[in-house]
């Protein structure tokens, strides 16, 4: 694989739909951001820095790159949707993933990076 579109096309239907929705929310939240296929997953570059990564797996989806304190804070706020594993937030590919939650994850990561 060499592109975001190829990565998404290779995902099971539920994963692809959820990841594509998240992709649109991230781009709306960070105007001017660009997605890229990086580290074999989808990354979002903003102000020339990768801010957040998303990926699809057999039994969950993931947001990558969060510090443990920020991850714990976000899991405490959204326990029905998120679980923290190391620096990765795991969640299920449900159609009702709250847009506000995704926006908050992205903006919290931007703030954490000082961008």
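Numbering (UniProt numbering), first residue to last: 1 to 115. For glycine and all other residues, C-beta sits at the position ideal for the given N, C-alpha and C.
Residue 67 vs residue 88 beta-carbon contact at 8 Å: The Cβ-Cβ distance between residue 67 and residue 88 does not fall below 8 Å.
Buried/exposed call for residue 69, threshold 16 Cβ in 10 Å: That one is exposed.
Buried versus exposed, by CB contacts within 10 Å (16 or more), residue 30: In summary, residue 30 is buried, with 16 or more beta-carbon neighbours lying within 10 Å of its beta-carbon over all protein chains present.
Start-end ranges of the beta strand (DSSP E) lying completely within the UniProt domain "YdhG-like" (16-109), minimum 3 residues: If we require 3 residues or more, the beta strand (DSSP E) runs fully inside the UniProt domain "YdhG-like" (16-109) come out as 34-38, 41-46, 49-56, 61-64, 83-85 and 88-91.
Opening and closing residue of the alpha helix (DSSP H) in which residue 6 lies: 4-9 is the extent of the alpha helix (DSSP H) around residue 6.
Residue 113 (DSSP reduced to helix, strand or coil): Helix.
Residues near residue 57 in its chain [Cβ-Cβ closer than 6 Å; skip 5 each side]: So the list is empty, once near-sequence residues are dropped.
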